[in-house]
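Residue numbers (the working numbering): 203 to 1345. Cβ coordinates follow ideal geometry from the N, Cα and C atoms, glycine included. Since the structure is predicted, the reported quantities are computational estimates derived from the model, not experimental observations. Quick notes on the structure that follows.
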Amino acid sequence: MSSPKMSDAKSSAAAAAWPTSVGASNPSRFRRLFKFVLCLSLASALTISLPSPWNVFLGRDVQSKDVKQSRFLEDPAHEWKDDIWPLRPQTPWDISTDYPFPRKLEYDVTEGTWLRLDVHPNTGDIVFDMVGDIYCLPAVAYSQQQLSSDKPTKAVPILLGVPHDSDPHFSPDGDRIVFRSDAGLGVENIWVMNYTSCDAMDIRSPHATGDLLDALNIQEEEEQLLAQGHKETEDRRQRRLLREGRSGAQRVTNETYRFVSDARFHPSGSKIIATKWYTSGRSLGAGEGWEYPIPAVGATIEAGSGKRVVSRTLPLGWSPEQYGDQQIGPEQFVWHGSDTLVYSKNVQDTDGVYTYSKDAHTGIYAIFSTNLTSQETTTLVSSFPGGATRPELSRDGKTLAFVRRVRDKEALVLKDLVTGTIHHIWHGLTYDLGTISAPMGTYPSFAFTPQDDAVIIWTAGQIYHVPLKTNTFGEKVRSDEPSPVRFRAHIEKRIADTVTAPTDILSLETQETQRVYSLTDLRVNHDGSKVVFQAAGINYVHEFSSEKAVQPKQVPTLSDSPYYSPTFVRYADDLILHARWSDTNFTHFELANVASGVAYELEGLPLGRYYSPVLCECTGSTRFIAFIKTAGDYMTGNIVATAQPGLYIGQITLPSASTKSHKISIESVRFISADVNSDDPSKTKIRFVERNQKLLVQQSQEAFIIDLGAGGNENGKFRHDTISTGAMSTELAAVVSDDYKSAAHVAFVDFFHVFVASGVSLDDAVWSKPGNATKGLARLSLDGAHDVIFSGDGKTLFWLLGPYIHSVEVSKIRDCSSQIHQDPLDFGISCTKNLLSYQELVITHSSDVHRLKSDAQAASLHTEESAVSNADFLVIYNATLLTMDGDSAKTDLLHDGLMVVRNGKIAAILGVQDAVIPYGATTFDAQGGFVIPGFIDVHAHWNGFAFYYPSGSWELETFLAYGVTTLHNPSADNVRGFSERSRVERGQLVGPRIFQVGDIIYGAGQAGIHQDIVSMEEAYSALIRIKAEGGPASFSYKNYNLPSRASRQRLLLAARNLSMLCVPEGGMNYDWDQTYIVDGMTTIEHALPVPALYDDIITLYALSGTGSTPTHIVNYGGAWGEQYVWATEDIPNDPKYAIFHSL
């Protein structure tokens, strides 16, 4: 039964006509439900018992030998288009010349780290990469005479320079080398160049002549010109390329977002196979086998060209549309004959999701071969035991070499492909990196000598010669002990200055007042003359005035508890409805009169977590109220008041001037069954339209109208009419058309910017991707935006960025229509920026230091003025003090010590015999106990800021309990992260002082945080929007696996000018980690993935100035500290953990 239409609410009787959420009992519904469950169960059983052949293909490790699977179904990759990322094309950039490298490092090494190598098919020369350069060792280096000598052979450089070069491999006849390089734009591509011999290719030969000699003679001068910012001329460019050894290098691939690695020539020499890496929403790459022709000299290569020949496979139940989400794929391809590829693949992660810290002993990788003609795939080596990875083939094609874990050893293994016999050749290898995502290779590439009488392989910092012989069965086995191929190489690296910035934390933290920069919960009144917002747990109202700057006014409250979710009351602009939080009683609503300063509590709200309360746009005193309930969450618990989250409706009577009580009753509270996502509170806005008949719900990617007046259907469900959707938006706001069937205007936040469009079809999801963007789309924000919202009359659009509120009259946007139409990349921002108005909102509060001083004086038991003035002294005596002044425990420890603290600062550390305690000070007897400096966790992760309600934080209290007094979060949130910091500083939260990077600057395909950084303008905007929200407490950012080195360099240039530190996501990608060091990033977060480092990397790292944050809890290339701690400590029964932790 549907409810009657309602006009303005007059009495509670009208409310009684609303249906409840539970529909009438209907026996037929049970029968339908039973049939549905039965059919679903049958379908599930058939799915398990009859899987599709494509999904099964390589979906799990095949334990038996030589099992074949034909891919007779359509490859799902054919139905998937890689056409979303990147959003915009890169602007021109050269990593060698558009970024300064003023320093030069030179040093000699006799060992190297993770040296990927190949052996010349005829001469036996060895080429290998080391710290991003490529070197050559003549075959004499492993002659019998040289192997028996301790004298190293000189490794000569054949590729040097700023570009990071790696993965060198010879062509079948040895006249060319194929390699990987990020030269140019900074995305790793495949290149080829001619090869003659080590001596002839030496670009630092003492016998250099001709053009090379001329170029070397002016090398220092020309490198200084580049470092000083002088644009490179064509002549200088040619000389630089000659000095680097790449003057004749030819590009094979032209990838501008996906990167490629580990290329191998086809036996014909006319094409290559390489691993192309695809990221999904996660930045861990999944490999695919791609074939590329060797182009003619000077040929133009189309971006993204090439041919996929070995695809990723889909887990059971996945559709082709999900292909791009698959995080696991084949890698490390080598040709076996002219039409077969041998490769390795992670077979432990079978559900399409990469997992960390896997068991190397049960096996992670297996080795397969795929015939490209028949499309048959064979398992050559299964993953159990110990895995099988880094496949390499002998010259005669009869022996497969690979590496695997054997208990606590790493073995070089040979499998005879004729007999199938496996021989463990040598257990002296460095551990492989099959436990992690390894675009640098799970093990360095190695090779057979020209006569197949040895394997040349890297391990433990050296290149080794592993001699082979043939047994009576014709199988290759080890003939003698492996010997090191000793070498000496001269490293020559141009490196950037390390990015540093002054961070005067003491001055910042000891001020009398602090400012809130990050504002949230923006709401606007009907005509756009007033706004209300939250600033770190307190709500403020601001009235716009063209005459003078009017600062925000705090909304009157009944408590000093945190407040949130404010909104105006239509036809009564002096009234603000907002929510109050209690960790015990959860949400209460209050109604505040800003003019009179009177506040009222709304009684009758069931215990629960609620947000976004709004009153109907009615003229009477009796109003309908709508609000949203959420279930439990990570911060507030999942036990109490968690049932039936969603939309609720009630009724209240507004107070009059004669109302004496400070309490108002909410009556007839009832659940409305509607499709409201209650788990998106920070991005959800609701408001009544058509008085109380309809409710407009605006969420991250959809705006829709719930027809309240029409009532629910036979199941109690209310009608839901979508008026606008977003393709990837993180916020969406709409102005409802006159007929309530569509949106007259749609504003949305896409990739941190605010856009607006008018007259958008219901069939079109708004989107800002160039080439696919919504017709007539206009960009309005310069550097970023959040909390986008229209005024009630729909005439003005508002948004926040830090302490600035921006607005634009919607009607004026048409003045820029021509520029918008002619700007398909930035949608007219050069024009629309001139339409904007903005005001700075200054919100301050007393600091901890000020409050401690005031509280100490107020609590003083003394009345003398001198004693009261000393009340803020805290003296800790009879303590064992760790001073951190010396260089050892003996000099650092002060027994019978005394510490004096005043105004939040340590004023003195003394021996007890030297101390005079100020009269009136607070004293504390440490009874000989240790007093140590608070710990600084520079890579701390926690989650509380991501949750909407302004609750207390058991996370932050736990940090304090274990002595951590300063936190730096390298992956947080631009807005809510800095708001959490201000709540600590304001005294609403107990916790350490907080610093953070804001949102990570993310290279992979996660819409809410993805950033391309294709220009310097975009680099500055990315950092400015972080600093805007954090003010002086914002001094760092995180580059998180941006695939283009050009993008990373742009950010570094901007960071130098904005006094910001760069703390990148390190760890997994060994090659990118090295470029982070060379380009001068402040730190590398996480350990380098190779477990043991040697002279080449250690020296570079140590001399560069880049710091290391190893994060042992999530170690790369070894066991996690997480497992170690749980194995060695009684965590659940730790008393501090039991008190402070929520679990």
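Anticipated Cβ contact below 8 Å, residue i with residue j, distance rounded
i     : j     : result
L807  : F791  : 6 Å
V733  : A794  : At roughly 15 Å, the Cβ-Cβ gap does not stay under 8 Å, so V733 and A794 are not in contact.
D1275 : L1290 : 5 Å
P1194 : T1167 : 5 Å
F535  : R466  : 6 Å
D654  : L631  : Contact flag wrong, Cβ pair sits at about 20 Å.
Q452  : V499  : 6 Å
L361  : R290  : Between R290 and L361 the Cβ distance is about 31 Å, and since that is not below 8 Å, they are no contact.
A737  : V752  : The Cβ separation is near 16 Å, so there is no contact.
A357  : R690  : 7 Å
Continuous alpha helix (DSSP H) stretch holding residue i: start and end
i     : result
P768  : From DSSP, P768 is part of no alpha helix (DSSP H) but of the beta strand (DSSP E) over Y765 to V771.
L415  : G412 to N419
M1086 : Run containing M1086: none; DSSP gives neither H nor E here.
S1181 : R1178 to R1188
R1227 : M1218 to G1232
D1298 : D1297 to S1306
T1160 : W1156 to A1163
G1323 : G1323 to T1330
beta-carbon residue i near the ligand HEM non-hydrogen atom, thresh 6 Å
i    : result
F372 : With respect to small molecules bound, the structure shown includes none, and the ligand HEM cannot be examined in it.
Inter-residue Cα distance where the pair is residue i and residue j
i     : j     : result
Y480  : P365  : 22 Å
A217  : A876  : The pLDDT assigned to A217 is 36, lower than 50, so where the model puts this residue is not dependable, and the model offers no usable value.
N1171 : W492  : 38 Å
T591  : G565  : 10 Å
T821  : S993  : 18 Å
Q1129 : Y1079 : 8 Å
T910  : F890  : Checking the displayed sequence, the identity of residue 910 turns out to be Leu instead of Thr. The alpha-carbon atoms of L910 and F890 are separated by roughly 10 Å.
S1009 : R1178 : 22 Å
C989  : L1002 : Reading off the sequence, residue 989 comes out as Asp, not Cys. Each residue's Cα considered, the two are about 6 Å apart.
S944  : A967  : 13 Å
I1215 : Q1251 : 10 Å
S246  : Q895  : With a pLDDT of only 42 at S246, under 50, the local geometry of the prediction cannot be trusted, and the value read off the model is given with reservation. The straight-line gap from Cα to Cα measures roughly 43 Å.
T1308 : E612  : 31 Å
Y308  : I697  : The sequence given here has Glu at residue 308, not Tyr. Going by the C-alpha atoms only, they are around 11 Å apart.
Selection from the options that minimises the alpha carbon distance to residue i
i     : options                     : result
R688  : V701, R725, D598 and S351   : S351
N741  : Q716, D729 and L779         : L779
L574  : R606, S540, Y558 and V549   : S540
V1186 : A1235, A279 and V1140       : A1235
V311  : G663, T824, S767 and S880   : G663
P497  : A1081, R439 and V380        : V380
V668  : E1159, A1073, A603 and A488 : A603
W1156 : G839, G1122, H955 and L289  : G839
L349  : A656, I874, V544 and H538   : A656
G834  : R811, D551 and Y1121        : R811
L319  : E281, D367 and P294         : D367
A562  : L635, A774 and E1219        : L635
P278  : D527, H1141 and K473        : D527
L442  : E425, Q753 and F303         : Note that residue 442 is Arg in the sequence shown here, rather than Leu. Cα-wise, what sits closest to R442 is E425.
S931  : P532, G996, R305 and H1212  : H1212
I693  : S559, I658, R406 and K919   : R406
A343  : T355, A1163 and T786        : T355
Range of the contiguous beta strand (DSSP E) that encloses residue i
i    : result
D367 : D367 to F372
E612 : K611 to D618
L934 : E933 to V938
W282 : No beta strand (DSSP E) holds W282; DSSP gives it neither H nor E.
R441 : Counting along the chain, R441 falls outside any beta strand (DSSP E), though it belongs to the alpha helix (DSSP H) covering E436 to E446.
Segments of 3+ residues assigned as beta strand (DSSP E) that fall wholly inside the region 1014-1048:
1039-1042 and 1045-1048
Which runs of the beta strand (DSSP E) at least 3 residues long sit entirely within the region 559-584? Give them in chain order.
567-573 and 578-583
Taking only runs that begin and end inside the region 311-377, name each unbroken beta strand (DSSP E) of 3 or more residues, in chain order.
319-321, 328-332, 335-339, 355-361 and 367-372
Residue ranges of each beta strand (DSSP E) within the region 626-680, 3 or longer:
As far as the region 626-680 is concerned, its whole beta strand (DSSP E) runs of at least 3 residues are 656-661, 664-672 and 678-680.
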